[in-house]
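**Q** A single structure is presented below for examination.
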Amino acid sequence: MKYTGAEILMRSLLQEKVEVIFGYPGGANMPIYDALYFYGKKFRHILVRHEQGAAHAAEGYARVTGKPGVCLVTSGPGATNLVTGIADAMMDSVPMVCITGQVAAEFLGSDAFQEADVVGITTPITKWNCQLTHAEEIPEAIAKAFYIASHGRPGPVVIDITKNAQFEKAEFKYPKNFYVKKLKTVNKFNSGDIKKAAEIINKAKKPLMLVGHGVLISKAEKEVLQVIEKTGMVAASTLHGLSSIPFDHPLYVGMIGMHGNYSPNKLTNSADVILAVGMRFDDRVTGKLSEYVPKAKVIHIDIDESEHHKNVRAHFPLLGNVKDVLKSLMPYLKKNNHDEWLGDFKELDKKELEFEKIRQQKNKNKITMNVVLSLLSEKTKNEAVIVADVGQNQMFSARYYKYKNPDSYITSGGLGTMGFALPATMGAKVGAPKRLVFAVIGDGGFQMTIQELGTIMQEKMPIKILLLNNEYLGMVRQWQQLFFEKRYSFTHMQNPDFINIAKSYGIKGEQVMERKKLEIALDRFINFQGPYLLEVKVEKEDNIFPMVATGTSVDDVRLE
1 MKYTGAEILM RSLLQEKVEV IFGYPGGANM PIYDALYFYG KKFRHILVRH EQGAAHAAEG
61 YARVTGKPGV CLVTSGPGAT NLVTGIADAM MDSVPMVCIT GQVAAEFLGS DAFQEADVVG
121 ITTPITKWNC QLTHAEEIPE AIAKAFYIAS HGRPGPVVID ITKNAQFEKA EFKYPKNFYV
181 KKLKTVNKFN SGDIKKAAEI INKAKKPLML VGHGVLISKA EKEVLQVIEK TGMVAASTLH
241 GLSSIPFDHP LYVGMIGMHG NYSPNKLTNS ADVILAVGMR FDDRVTGKLS EYVPKAKVIH
301 IDIDESEHHK NVRAHFPLLG NVKDVLKSLM PYLKKNNHDE WLGDFKELDK KELEFEKIRQ
361 QKNKNKITMN VVLSLLSEKT KNEAVIVADV GQNQMFSARY YKYKNPDSYI TSGGLGTMGF
421 ALPATMGAKV GAPKRLVFAV IGDGGFQMTI QELGTIMQEK MPIKILLLNN EYLGMVRQWQ
481 QLFFEKRYSF THMQNPDFIN IAKSYGIKGE QVMERKKLEI ALDRFINFQG PYLLEVKVEK
541 EDNIFPMVAT GTSVDDVRLE
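Here the sequence shown is numbered in the UniProt record's numbering, starting from 1 and rising by one per residue.
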């Protein structure tokens with residue numbers, strides 16, 4: 001029996017067990033939406049209010065489920081509006097399958113209405129992309145897309161389908177046991193490499209594990225704990241590695257990087273062995289590269305060979321899935337402890353704690369972001385999913401919420417996309433309906449994707465939106481204060497009445513301006529059954545510390 005290309009697409013998505021599609025219809029994908037009308041009961045389609053929202057929602061869904069997020073948009077501006085989300089997913093290794101409509105094949109290259117070279121535009125920001133001009137090409141392309149998106153280092157793929165291919169009829173034959181040879185065998189380490197790495201770790205006096213996003217992607221949280229507990233190795237996490245180790249684990253010393261904790265930044269360069277697990281030595285982590293880990297032998301575990309030696313030369317690169325590498329390493333590791341080395345971190349932690357006490361005393365009657373996030377953490381027993389936007393709200397969320405469970409901190413890391421949080425929270429909530437999910441957003445980022453309140457209203461999503469309003473583009477203002485002599489150039493924001501905007505979308509809202517009213521407002525916010533916007537008017541010129549300034553060494557980290 002023959003089916004239209006649009007029907008074949010629906011059947012192919014069912015073969016991949018797709019449950020949710022984030023999308024927006026238009027002229028060039030109308031046949032697909034017509035097929036979706038008949039197949040609609042088999043999928044949950046979520047109509048976003050902007051295509052960028054579809055991409056970020058698909059990211060949020062993928063981050064909590066581990067499955068590729070799917071978005072479906074039309075040609076031209078529909079497709080180009082996805083670009084920011086696609087680039088974001090590529091930078092943060094998020095599996096995503098983006099399906100775009102395209103003008104009919106006969107019009108390609110003619111500058112037809114709403115034509116855009118989607119393949120050309122997205123080639124640098126996808127793992128793979130293609131354009132389909134015949135219905136019979138669809139099944140294999142979908143199978144390949146899902147395989148590539150989710151195998152090896154995850155990432156986004158784009159399939160551009162011309163309108164004639166959507167109408168055209170063909171037989172439906174879905175590939176069985178499809179695989180891409182290059183991605184099928186990702187473990188290329190050998191026993192000799194493992195033994196050498198274990199020997200280095202066993203002889204170390206000051207070993208430090210740096211845990212990245214790859215741990216969460218490969219579900220290797222258990223293996224990480226086994227390694228640090230057996231070796232006594234101290235562990236710190238990157239921004240995307242947060243929640244892979246419980247905050248209260250005795251060997252966990254906090255977050256590294258530009259706004260990470262004081263002790264791991266201060267002592268990174270004192271380590272004699274760095275075990276980098278599923279992280280890519282981003283510039284926000286390393287600071288001044290020429291002065292980074294000068295004394296350490298670097299063991300770098302990563303699934304992507306291109307990350308080895310890219311920024312930091314590894315003495316022992318181990319290529320493969322993090323979980324598999326750590327499992328292979330365990331039998332060769334000796335039982336050990338490094339109490340003196342751990343004590344060095346604890347001593348520096350006291351210095352950071354003193355700074356915190358001074359900060360709290362100075363702001364005891366004020367509402368600051370750290371107070372809000374600390375209270376939220378306490379009141380949710382550290383078990384919620386926090387989807388942070390970009391800026392000060394992101395860093396305060398990373399630092400002051402005490403993550404207890406895996407996959408609990410979601411943010412835009414590599415690309416740093418403002419406006420990420422609101423749509424990504426939608427996707428996270430759809431993917432993890434039983435978990436308490438919070439969007440933590442600044443007033444700048446909120447207004448970049450505020451239209452998605454309409455999606456939340458229509459889908460009746462019980463999302464909690466914590467709006468930290470300082471009437472500034474806070475992170476830019478902080479840098480202007482510290483490095484540009486307080487020349488606050490175009491960072492002050494005149495904002496609308498956010499509560500009434502939320503109410504117009506049928507979303508309950510409340511504003512808090514006084515510290516004494518914060519706790520009870522948070523209780524109402526957390527316990528309310530349904531979507532809720534809590535706007536907290538925080539201090540306008542509060543800063544996030546510690547901080548490693550651009551171009552300086554990580555051990556130049558400053559507390560004020």
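All C-beta atoms in this analysis are idealised placements derived from N, C-alpha and C, irrespective of residue type, glycine included.
Grouping DSSP H, G and I as helix and E and B as strand, with all else coil, what is Thr162?
**A** One-based indexing of the sequence shown puts residue 162 at position 162. Three-state result, Thr162: strand.
**Q** Give me the Cα-Cα distance between Val18 and Leu36, rounded to the nearest whole angstrom.
**A** Numbered from its first residue, the sequence shown carries residue 18 at position 18. Numbered from its first residue, the sequence shown carries residue 36 at position 36. If I take the Cα positions, the gap works out to 13 Å.
**Q** Based on the DSSP secondary-structure assignment, which residues constitute the bridge partners of Ala469?
**A** Locating residue 469 in the sequence shown gives position 469, counting from the first residue. The amino acid occupying residue 469 in the given sequence is Asn; Ala does not appear at that position. According to DSSP, which records beta bridges pairwise, Asn469 is partnered with Lys537.
**Q** Work out the CA separation of Val253 and Leu318 for me, nearest whole Å.
**A** Taking the first residue of the sequence shown as position 1, residue 318 is located at position 318. Taking the first residue of the sequence shown as position 1, residue 253 is located at position 253. So the alpha carbons of these two residues sit roughly 24 Å apart.
**Q** Return yes when the Cβ of Gly419 is within less than 8 Å of the Cβ of Thr455, no when it is not.
**A** Translated into the one-based positions of the sequence shown, residue 455 becomes position 455. Translated into the one-based positions of the sequence shown, residue 419 becomes position 419. Cβ distance not < 8 Å, so Thr455 and Gly419 don't count as in contact.
**Q** Do Ser377 and Ser243 have their CB atoms nearer than 8 Å?
**A** In the sequence shown, counting from the first residue as 1, residue 377 sits at position 377. In the sequence shown, counting from the first residue as 1, residue 243 sits at position 243. Using a Cβ distance threshold of 8 Å, Ser377 and Ser243 do not count as a contacting pair.
**Q** For Ser397, which of Pro406, Ile410 and Phe22 has the nearest alpha-carbon?
**A** Looking up residue 397 in the sequence shown gives position 397. When each option's Cα is compared against that of Ser397, the closest is Ile410.
**Q** Along the chain, where does the alpha helix (DSSP H) that runs through Ala145 open and close?
**A** Residue mapping note: residue 145 aligns to position 145 of the sequence shown, counting from 1. Per DSSP, Ala145 belongs to the alpha helix (DSSP H) from Ile138 to Ser150.
**Q** Excluding the 5 residues flanking Thr268 on each side, which residues of the same chain have their C-beta closer than 6 Å to its C-beta?
**A** On the sequence shown, position 268 is the one that residue 268 refers to. Cβ neighbours of Thr268 beyond the five flanking positions: Val554.
**Q** How far does the alpha helix (DSSP H) with Tyr488 in it reach, from first residue to last?
**A** One-based indexing of the sequence shown puts residue 488 at position 488. Tyr488 -> no alpha helix (DSSP H), and no H or E assigned at all.
**Q** Return yes when the Cβ of Val371 is within less than 8 Å of the Cβ of Leu468, no when it is not.
**A** As a working mapping, residue 468 is identified with position 468 in the sequence shown. As a working mapping, residue 371 is identified with position 371 in the sequence shown. Contact: no.
**Q** Report back the beta-carbon spacing between Gln102 and Thr4 to the nearest angstrom; my notes put them in contact at under 8 Å.
**A** Here residue 102 corresponds to residue number 102 of the sequence shown, with the count starting at 1. Here residue 4 corresponds to residue number 4 of the sequence shown, with the count starting at 1. Gln102 to Thr4, Cβ: 16 Å. No contact.
**Q** If we count the other Cβ atoms within 10 Å of its Cβ and call it buried at 16 or more, is Ser218 buried or exposed?
**A** For the purposes of this step, residue 218 is taken as residue 218 along the sequence shown, with counting starting at 1. Buried, because 16 or more other Cβ atoms sit within 10 Å of the Cβ of Ser218.
**Q** Within this structure, are the beta carbons of Lys379 and Ile526 separated by less than 8 Å?
**A** For the purposes of this step, residue 379 is taken as the residue at position 379 of the sequence shown. For the purposes of this step, residue 526 is taken as the residue at position 526 of the sequence shown. Taking 8 Å as the Cβ cut-off, Lys379 and Ile526 qualify as a contacting pair.
**Q** By how many angstroms is the C-alpha of Asp272 removed from the C-alpha of Tyr401?
**A** Within the sequence shown, numbered from 1, the residue matching residue 401 stands at position 401. Within the sequence shown, numbered from 1, the residue matching residue 272 stands at position 272. Their backbone Cα atoms lie some 30 Å apart in a straight line.
**Q** Mind checking which residues open and close the beta strand (DSSP E) that includes Ser218?
**A** Indexing the sequence shown from 1 puts residue 218 at position 218. First-last for Ser218: undefined, no H or E at that position.
**Q** Which residue wins for smallest C-alpha separation from Glu221, given the options His492, Leu326, Lys188 and Gln494?
**A** For the purposes of this step, residue 221 is identified with residue 221 of the sequence shown, where counting begins at 1. Minimum Cα distance to Glu221 is reached at Leu326.
**Q** Quick check: the region 64 to 77 against the region 86 to 101, are there 3 or more CB pairs under 8 Å?
**A** yes
**Q** Quick one, which of Asp497, Gly391 and Val215 has its alpha-carbon nearest Lys323's?
**A** If you number the sequence shown from 1, residue 323 lands on position 323. It is Val215 whose Cα lies nearest to the Cα of Lys323.
**Q** Let's test the definition: count the other Cβ atoms within 10 Å of the Cβ of Tyr179 and tell me whether it reaches 16, buried, or not, exposed.
**A** Taking the sequence shown and counting its residues from 1, one reaches residue 179 at position 179. Around the beta carbon of Tyr179, fewer than 16 other beta carbons lie within 10 angstroms, which makes this residue exposed.
**Q** Using only alpha-carbon positions, find the residue among His151, Ala165 and Asn202 that is nearest to Met330.
**A** Position 330 of the sequence shown, counted from the first residue, corresponds to residue 330. Residue Asn202 is the option with its Cα nearest to Met330.
**Q** Using a Cβ-Cβ cut-off of 8 Å (strictly less than) and excluding sequence neighbours within five positions of Thr84, which residues of its own chain qualify?
**A** The residue you call residue 84 lines up with position 84 of the sequence shown. For Thr84, where only same-chain residues beyond five positions count, the Cβ hits under 8 Å are Gln52, Ala55, Leu415 and Thr417.
**Q** Can you tell me which of Gln394, Gly391, Met395 and Lys404 puts its alpha carbon nearest to the alpha carbon of Ala384?
**A** On the sequence shown, residue 384 is found 384 positions in, with the first residue counted as 1. Considering only alpha carbons, the answer is Lys404.
**Q** Any idea what DSSP makes of Pro77, helix, strand or coil?
**A** As a position in the sequence shown, residue 77 is number 77, starting the count at 1. Note: Pro77 maps to helix in three-state DSSP.
**Q** For Thr100, which of helix, strand or coil comes out of DSSP?
**A** As a first step, residue 100 is located in the sequence shown; it is residue number 100 there, counting from the start. Note: Thr100 maps to strand in three-state DSSP.
**Q** With respect to the beta strand (DSSP E) encompassing Val211, which residues constitute its N-terminal and C-terminal limits?
**A** Here residue 211 refers to the residue found at position 211 of the sequence shown. Taken as a continuous stretch (DSSP letters only), the beta strand (DSSP E) holding Val211 covers Pro207 to Val211.
**Q** Which value, in whole angstroms, describes the spacing of the CA atoms of Gly391 and Ile256?
**A** Here the question's residue 391 lines up with position 391 in the sequence shown. Here the question's residue 256 lines up with position 256 in the sequence shown. Spanning the two alpha carbons is a distance of roughly 17 Å.
**Q** Classify Gly152: buried if its beta carbon has 16 or more other beta carbons within 10 angstroms, exposed otherwise.
**A** Taking the first residue of the sequence shown as 1, we reach residue 152 at position 152. It is buried - the Cβ of Gly152 has at least 16 other Cβ atoms within 10 Å.
**Q** Grab me the residues of Asp344's own chain with a C-beta within less than 7 Å of its C-beta, minus the 5 sequence neighbours each way, in chain order.
**A** On the sequence shown, residue 344 is found 344 positions in, with the first residue counted as 1. Only Leu267 meet the Cβ criterion.
**Q** Any idea what DSSP makes of Glu560, helix, strand or coil?
**A** Within the sequence shown, the letter at position 560 stands for residue 560. In the structure shown, Glu560 sits in coil (DSSP, three-state: anything other than H, G, I, E or B).
**Q** Hey, Val20 and Tyr61: beta-carbon distance below 8 Å or not?
**A** Position 20 of the sequence shown, counting from 1, holds the residue named residue 20. Position 61 of the sequence shown, counting from 1, holds the residue named residue 61. In this structure, Val20 sits near Tyr61, with a CB-CB distance shorter than 8 Å.
**Q** Beta-carbon within less than 6 Å of Asn337's beta-carbon, same chain only, minus the 5 sequence neighbours each way: which residues are those?
**A** Looking up residue 337 in the sequence shown gives position 337. Gly232, listed in sequence order.
**Q** Excluding sequence positions up to five away, which residues of its chain have a Cβ less than 7 Å from the Cβ of Arg49?
**A** By 1-based counting over the sequence shown, the position of residue 49 is 49. Cβ neighbours of Arg49 beyond the five flanking positions: Gln451, Glu452, Gly454 and Thr455.
**Q** Go through its chain and collect everything with a Cβ distance to Glu136's Cβ below 6 Å, but skip five positions before and after it.
**A** For the purposes of this step, residue 136 is taken as the residue at position 136 of the sequence shown. Counting only Cβ-Cβ distances below 6 Å, and skipping sequence neighbours, we find Ala170.
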